[in-house]
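Notes for the one structure printed next.
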Amino acid sequence: MKRLNKFLLTLGSVASLASLPLIAANCGGTKKEVTKEERVKNIKNKINELNEKAKQSPFNKYNIVWNDFDKLRNQIKTINKDTDDKKLAEIEKSLDQFAKKVEELSKPKK
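Start counting at 1 in the sequence shown, then tack on 3, and there's your number in our numbering.
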């Protein structure tokens with residue numbers, strides 16, 4: 004075997020062994036996954052926070068968002084029975100929309 008071929012063969016095997024720690028580090032799973040219980044807790048906390056904001060806004064504005072809040076409250080009641088990811092994502096989306104409405108209504112008019 005030529006000297007160059009031996010060198011390349013040796014270098015290739017050493018390089019593959021040297022890369023193993025890097026591959027193992029990437030497979031470590033260091034990403035923190037949010038559990039369903041944490042998502043439900045976050046949703047309930049955000050609902051309570053938004054309810055307080057809505058109560059502080061003027062009465063007529065409060066009536067505008069009350070239907071949306073009632074819808075969210077009914078969805079929260081169903082969380083305990085049906086906690087699949089699709090349902091939680093739907094509730095989080097509705098909650099974000101409600102939060103935007105409350106923020107818009109709580110801003111002072113210019």
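For every residue, glycine included, the Cβ atom is placed at its ideal position computed from N, Cα and C. Please read these numbers as outputs of a predicted model, since none were measured by experiment.
Beta-carbon gap between residue i and residue j smaller than 7 Å
i, j, result
"L98", "K47", "no"
"L75", "R42", "no"
When the options are compared against residue i, the one with the closest alpha-carbon
i, options, result
"E106", "E52, F10 and K44", "E52"
"F179", "D88, K56 and K89", "The question about residue 179 has no answer, for the chain in this structure spans 4 to 113."
"K39", "G15, I79, K5 and D88", "D88"
"K104", "N54, V37, E36 and K5", "N54"
Where residue i falls, given that 16 or more other Cβ within 10 Å makes a residue buried
i, result
"L12", "exposed"
"L7", "exposed"
"F10", "exposed"
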